[in-house]
Amino acid sequence: MITVEHLTKCYGDFMAVNDLSFEIDEGHVYGFLGPNGAGKSTTMNIMTGCLSATQGHVRIDGYDIFEEPEKAKKLIGYLPELPPLYLNETPVEYLKFVGAAKGLKGQELHRQIDEVIEQTKIGHVKNRLIANLSKGYKQRVGIAQALLGNPKVIILDEPTVGLDPIQIIEIRDLIRQLGQTHTVILSSHILSEVQAICEKVLIIAKGKLVAFDAPENLEKLLLASNGITFTAEASVEEVDEIMKGIEPEVQWECGEAEDGMVLVRVKTESAEVRELCRQIFFAFAGKQRAILEMTSKKANLEDVFIELTEGDASAVQEESEEESLPEGKNTDESEVSEA
Amino acid sequence: MTAVLKHELSNYFHSFTAYIFSAFLLAFVGIGAMLYNIQSAVANFEYVLRFVCLGFVIIIPILTMRVIAEERKQKTDQLLYSLPIKTSQIILGKYLALLIVYLIPLCIVALYPLIFAQFGDVYLVTSYGSLFAFFLMGAALIAIGTFISSLTENQGLAAGIAIPVILLNYYSVTLAEYVSSTALGSALTLIVLAVLLGVIVNHLTKNGNLAYGVGIGLTLLIGVIYYVDSSKFEGLLPNVMKQLSLFERFYTFVNGVFDLTAIVYDVTVIVFFLFLSVQSLEKRRYN
Chain U
4 MITVEHLTKC
14 YGDFMAVNDL
24 SFEIDEGHVY
34 GFLGPNGAGK
44 STTMNIMTGC
54 LSATQGHVRI
64 DGYDIFEEPE
74 KAKKLIGYLP
84 ELPPLYLNET
94 PVEYLKFVGA
104 AKGLKGQELH
114 RQIDEVIEQT
124 KIGHVKNRLI
134 ANLSKGYKQR
144 VGIAQALLGN
154 PKVIILDEPT
164 VGLDPIQIIE
174 IRDLIRQLGQ
184 THTVILSSHI
194 LSEVQAICEK
204 VLIIAKGKLV
214 AFDAPENLEK
224 LLLASNGITF
234 TAEASVEEVD
244 EIMKGIEPEV
254 QWECGEAEDG
264 MVLVRVKTES
274 AEVRELCRQI
284 FFAFAGKQRA
294 ILEMTSKKAN
304 LEDVFIELTE
314 GDASAVQEES
324 EEESLPEGKN
334 TDESEVSEA
Chain P
61 MTAVLKHELS
71 NYFHSFTAYI
81 FSAFLLAFVG
91 IGAMLYNIQS
101 AVANFEYVLR
111 FVCLGFVIII
121 PILTMRVIAE
131 ERKQKTDQLL
141 YSLPIKTSQI
151 ILGKYLALLI
161 VYLIPLCIVA
171 LYPLIFAQFG
181 DVYLVTSYGS
191 LFAFFLMGAA
201 LIAIGTFISS
211 LTENQGLAAG
221 IAIPVILLNY
231 YSVTLAEYVS
241 STALGSALTL
251 IVLAVLLGVI
261 VNHLTKNGNL
271 AYGVGIGLTL
281 LIGVIYYVDS
291 SKFEGLLPNV
301 MKQLSLFERF
311 YTFVNGVFDL
321 TAIVYDVTVI
331 VFFLFLSVQS
341 LEKRRYN
């Protein structure tokens, strides 16, 4: 469906994309993952013909984006990082323009506009000025625009940035639906999001492809570095005492005790996390100390991501550490979506 | 192209731009017609147009300032790039929409000579010939304004550049009398222009060698020509300034001459600046 060959983009001396090659098949949801400044948006802009490449080729269904741009662009619906909206128009007016520019006419244009309005659930705001819509609705209008003309490939650049958790869930559901009938490529630096909706993940760092696989396989790449976090109603000394008795030996660290409670982080190399949870539970129960909260954490895409992008250069490492900060919030969001 | 054209038109009529432009143009023509045709009882409508054309200095920038600058500011240029339409179609659609907005008040103005003809002898041929030239001159200025708007994402700056550019064109004949007409003066001016061209090439292509080549090559060429036959530069600068004036060429029509070279010149200016606008938009893709 999409073939990217030796794609390179230089801004002066700075290489934003460096010899990137990959192939994308029809009918899946692909995630494009990387720290800020990794070259995600640049690559997407080149793939959609918004930007030229210094070197390399992009072919959409056999059409070269640089040599036959009109034919190639007809196969793509693109939502850039900032939805390109005319603020002084209503969604209907805006969609009419985009549809007409994509070559739709008369009945077909109106039918498709109604269809995308239905799909993106913007029916009740379709006659309000875009300037007065909330960010979530602006994003939806942007997605509706990408869907017009029924393109085979839909490319979304950070579609959930700046949305509230409920809107994020809705947009993710929409993307999942789209994935059944289209090839969807979305970029994100939110790992849980990619994990939740993408069938395959491309990780890029410093303009280079560092991994391209299904999220489950990427997790297997990583050595199991499992961990358990729990809060116990005990003093630090008591926790140390009890933890020493756990077999096989584990590493742990305690946070500061507060209101007679202490937060404990346990690291283990063993895959038997559940067994370890049980042991800790009974060990504390045996000493009449309550465990108020306990969560186990498996190796996830975030660890893969940090490991892959860290190895490259210290600059990337710094950025990926920054990335991991908002990740805390996003885990919460994914819990919301599961609830 | 029709999609862009329709979209732009609806935009002009949804915002105040089209109305403000029409109002200003009609007000200028109205004042002119009152001064010349009614109060002074002159039967020549073309004098009114000659009076009005200074108004272009203000109303053309009002019309053209947002045409591309606004797309950049709102980041909607990215949408245009990703749509399956050519850049030339985008520019052409936008330009035609501007022309239509410009034509509407002119259609109303076109009735004036007929009205005046009811009360006396009006030279209708000269009037409509001048009106046609007036339209073409405005169209050329709109093309220049479109190009200036494509250079920046700030509407105010686009207008701020367009106003002095049109004003300079308006006064270029007057100014031509004050610039040096000696061969040395012209040669030096050309050298300054050659160096400027080199700087612009360097800015656009980031290719130092090419820029030095253009700058030094042209300077040497000018030096050689000056050395061989300095009389070639005699009076060159004022002549060029007179030739470049769009307004001066319009005045020939006002004087009752239907000047084909002026029409060719106007059309050349339109094509040249639309071409530059397309290049300017394309260049963004290569940044």
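Chains U and P, in that order, are what the protein sequence lines are.
Here the first sequence is numbered in the numbering used here, starting from 4 and rising by one per residue.
Here the second sequence is numbered in the numbering used here, starting from 61 and rising by one per residue.
Backbone N, C-alpha and C define an ideal beta-carbon position, used for all residues, glycine too.
As the structure is a computational prediction, the values presented were derived from the model and not from experiment.
{"Item": "Helix or strand or just coil, what does DSSP make of U/C13?", "Value": "strand"}
{"Item": "If contact means a Cβ-Cβ distance below 7 Å, which residues of the region 44 to 67 of chain U contact chain P?", "Value": "T51, G52, C53, L54 and S55"}
{"Item": "Which residues in the same chain as P/V239 place their Cβ atom closer than 6 Å to its Cβ, once the five residues preceding and following it in sequence are excluded?", "Value": "L297 and P298"}
{"Item": "Are the C-beta atoms of U/H9 and some chain P residue less than 9 Å apart?", "Value": "no"}
{"Item": "Of the residues P/S70, P/I175 and P/A63, which one's Cα is nearest the Cα of P/I98?", "Value": "P/I175"}
{"Item": "Considering only their Cβ atoms, is the gap separating P/L139 from P/M61 smaller than 9 Å?", "Value": "no"}
{"Item": "Smallest Cα separation from U/M297: which of U/T312, U/L311, U/M264 and U/A19?", "Value": "U/M264"}
{"Item": "Give a yes or no on whether the C-beta atoms belonging to P/L85 and P/V112 are separated by under 9 Å.", "Value": "yes"}
{"Item": "I'd like to know if P/A63 contacts chain U, where contact means its C-beta is closer than 9 Å to some C-beta of that chain.", "Value": "yes"}
{"Item": "On a Cα-Cα basis, can you pick out the residue from U/D167, U/G126 and U/E202 that is closest to U/I178?", "Value": "U/E202"}
{"Item": "Look up P/N229 in the DSSP assignment and say whether it is helix, strand or coil.", "Value": "helix"}
{"Item": "Starting from U/C257, follow its DSSP beta bridges and name the residues at the other end.", "Value": "U/V267"}
{"Item": "P/S337 and P/F207 look like a contact to me (Cβ under 8 Å); what is the Cβ gap, rounded to whole Å?", "Value": "5 Å"}
{"Item": "With 16 as the cutoff for other CB atoms within 10 Å, does U/F284 come out buried or exposed?", "Value": "exposed"}
{"Item": "Using a Cβ-Cβ distance cut-off of 9 Å, determine whether U/G106 contacts chain P.", "Value": "yes"}
{"Item": "Are the C-beta atoms of P/I267 and some chain U residue less than 9 Å apart?", "Value": "Position check: residue 267 of chain P holds Asn in this sequence, whereas Ile was assumed. False, the Cβ-Cβ gap to chain U never drops below 9 Å."}
{"Item": "Of all the residues that make up the region 122 to 136 of chain U, which are near chain P by a beta-carbon distance shorter than 9 Å?", "Value": "none"}
{"Item": "So U/K209 is in the beta strand (DSSP E); what residue range does that whole segment cover?", "Value": "Where U/K209 is concerned, there is no enclosing beta strand (DSSP E), given that its DSSP letter is neither H nor E."}
{"Item": "From the beta carbon of P/N71, is the nearest beta carbon of chain U less than 9 Å away?", "Value": "yes"}
{"Item": "Using a Cβ-Cβ cut-off of less than 8 Å, give me the residues of the region 80 to 93 of chain U that come near chain P, in sequence order.", "Value": "Y81, P83, L85, P87, L88, Y89, L90, N91 and E92"}
{"Item": "DSSP three-state call for U/A293: helix, strand or coil?", "Value": "coil"}
{"Item": "Can the beta-carbon of P/I128 be found less than 9 Å from the beta-carbon of P/S232?", "Value": "no"}
{"Item": "With a cut-off of 8 Å, do at least 3 Cβ pairs link the region 178 to 188 of chain U to the region 99 to 112 of chain U?", "Value": "no"}
{"Item": "Among all the DSSP beta bridges, which residues are the ones paired with U/V32?", "Value": "U/V187"}
{"Item": "Is any beta-carbon of chain P found at less than 9 Å from that of U/K74?", "Value": "yes"}
{"Item": "Have a look at P/V350 and P/F195 and give me their C-alpha separation to the nearest angstrom.", "Value": "Since the first residue of chain P shown is 61 and the last is 347, residue 350 of chain P is not available in this structure."}
{"Item": "Look at the Cβ atom of P/G216, then the Cβ atom of P/M125, and state whether they are nearer than 9 Å.", "Value": "yes"}
{"Item": "Under a CB-based cut-off of 9 Å, is P/D137 close to chain U?", "Value": "yes"}
{"Item": "Quick one: residues in its chain with C-beta nearer than 6 Å to the C-beta of U/K43, no 5 flanking neighbours on either side, listed in chain order?", "Value": "F35, G37 and S190"}
{"Item": "So, at 6 Å on beta carbons, what are the nonlocal neighbours of P/I221 in its own chain, with the 5 sequence-adjacent residues on each side left out?", "Value": "I208"}
{"Item": "Less than 9 Å separating the beta-carbons of U/I5 and U/D67?", "Value": "no"}
{"Item": "Please list the terminal residues of the continuous beta strand (DSSP E) segment that includes P/V239.", "Value": "That residue, P/V239, is in no beta strand (DSSP E); it is neither H nor E in DSSP."}
{"Item": "Roughly how many angstroms separate the alpha carbons of U/L78 and U/P154, rounded to a whole number?", "Value": "5 Å"}
{"Item": "Starting from the C-beta of U/L10, find all residues in its chain whose C-beta is less than 6 Å away, skip the five residues before and the five after it, and write them out in chain order.", "Value": "V20, L23, A56 and G59"}
{"Item": "For U/Q58, name the three-state secondary structure that DSSP assigns.", "Value": "strand"}
{"Item": "So, with DSSP's three-state summary, where would you put U/Y81?", "Value": "strand"}
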